[in-house]
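All remarks here apply to the structure that follows.
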Amino acid sequence: MRITPRLRVTSLLSLLALLVGVLGTQWLSGRTAGWAGPRHPVVAEHTAPPAIRYRADRERRAPPRVVVARATGAAAAPVPPPPPELVPVSMPPLSARYVGLAGHLAGDVVLQLRVDGQGRVVEAAVARSSGDAVLDAHAQAMVAQWRFAVPPDHPAGLSGELPMHFGTKPAPN
Numbered sequence: 006m007r008i009t010p011r012l013r014v015t016s017l018l019s020l021l022a023l024l025v026g027v028l029g030t031q032w033l034s035g036r037t038a039g040w041a042g043p044r045h046p047v048v049a050e051h052t053a054p055p056a057i058r059y060r061a062d063r064e065r066r067a068p069p070r071v072v073v074a075r076a077t078g079a080a081a082a083p084v085p086p087p088p089p090e091l092v093p094v095s096m097p098p099l100s101a102r103y104v105g106l107a108g109h110l111a112g113d114v115v116l117q118l119r120v121d122g123q124g125r126v127v128e129a130a131v132a133r134s135s136g137d138a139v140l141d142a143h144a145q146a147m148v149a150q151w152r153f154a155v156p157p158d159h160p161a162g163l164s165g166e167l168p169m170h171f172g173t174k175p176a177p178n
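All letters in the sequence shown, in the order written, are residues 6 to 178 by this note's numbering.
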């Protein structure tokens, strides 16, 4: 079998490119081996589920609560555990056209959701309106396509409030 000069050149250039890639990767790995990462936490706000952002904001702003237990003759009633939070695990891309929502893109809506055991939204109602009916309806339609995490101890599903922030209007403190 005869190797043509063109095949020989192509093969040599491919091997040279591979060698440069391997050596470059080793060199870069050696330069960044001791790097611990950025000094501040990097948070991609647009990718964090809304419930997690809301919980972090609420915990940051809320003053600490002090609960005093008083001893009485009767045994104290057990405190029920807090209900699980609604955490989205699947949020399909927006299908609504923002052109139709011009002028309705900013506001805060709180939805009351009921989720079945598979995490699908069964019911979505406006618990606190943004003051804009179009934005409220958009929030309901958008959330209807989401799926939520359901804890194993809630096989029938769960319900709760989901705060949503739209647009550039700052969230209330």
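Backbone N, C-alpha and C define an ideal beta-carbon position, used for all residues, glycine too.
Helix, strand or coil at Asp121 [DSSP, three-state]: Three-state result, Asp121: coil.
Limits of the beta strand (DSSP E) - the one that His170 falls within: Counting along the chain, the beta strand (DSSP E) containing His170 begins and ends at 163-171.
Counted within 10 angstroms of its Cβ, other Cβ atoms place Ser19 as buried (16 or more) or exposed: Under this definition Ser19 is an exposed residue.
According to DSSP, is Ser19 part of a helix, a strand, or is it coil? In the three-state scheme derived from DSSP, where H, G and I count as helix and E and B as strand, Ser19 is classed as helix.
Evaluate the contact criterion for the stretch 145-165 versus the stretch 116-123: three or more CB pairs, one atom per stretch, below 8 Å. The stretch 145-165 vs the stretch 116-123: in contact.
For Gly122 and Gly162, which I take to be in contact (beta-carbon distance under 8 Å), what is that distance rounded to the nearest angstrom? Contact between Gly122 and Gly162 is confirmed by a C-beta separation of about 5 Å, below the 8 Å threshold.
State the start and end residues of the unbroken alpha helix (DSSP H) segment that holds Val148. Val148 -> alpha helix (DSSP H) spans 138-148.
Tell me whether Asp141 is buried or exposed, calling it buried when 16 or more other Cβ atoms sit within 10 Å of its Cβ. It counts as buried.
Inter-residue CB distance, Leu172 and Ala111 (contact presumed, cutoff 8 Å): The sequence given here places Gly at residue 172; Leu does not occur at that position. With a Cβ gap of about 3 Å, Gly172 and Ala111 count as contacting.
Since Gly112 sits in a beta bridge, which residues does DSSP pair it with? Beta-bridge pairing links Gly112 to Phe171.
To the nearest angstrom, report how far apart Gly35 and Met96 are at their CA atoms. Rounded to the nearest angstrom, the two C-alpha atoms are 39 Å apart.
Please list the terminal residues of the continuous beta strand (DSSP E) segment that includes Glu128. Per DSSP, Glu128 belongs to the beta strand (DSSP E) from 126-133.
From what residue to what residue does the beta strand (DSSP E) around Val94 run? Residues 93-95.
When DSSP labels each residue in this structure, what does Glu50 get in the three-state scheme? Note on Glu50: pLDDT 47, under 50, position unreliable in the model; the coordinate value appears next. If DSSP states are grouped into helix, strand and coil, Glu50 belongs with coil.
Assign His159 to buried or exposed, taking buried as 16 or more other Cβ atoms, counted over all protein chains shown, within 10 Å of its Cβ. By the neighbour-count definition (other C-beta atoms within 10 Å, threshold 16), His159 is an exposed residue.
Rounded straight-line distance, which links the Cα of Pro88 to that of Arg125: The straight-line gap from Cα to Cα measures roughly 18 Å.
Beta-carbon gap between Val155 and Val127 smaller than 9 Å: Result no, Cβ atoms of Val155 and Val127 do not sit closer than 9 Å.
Helix, strand or coil: which one does DSSP assign to Arg13? In this structure, DSSP gives Arg13 a helical state, which the three-state scheme calls helix.
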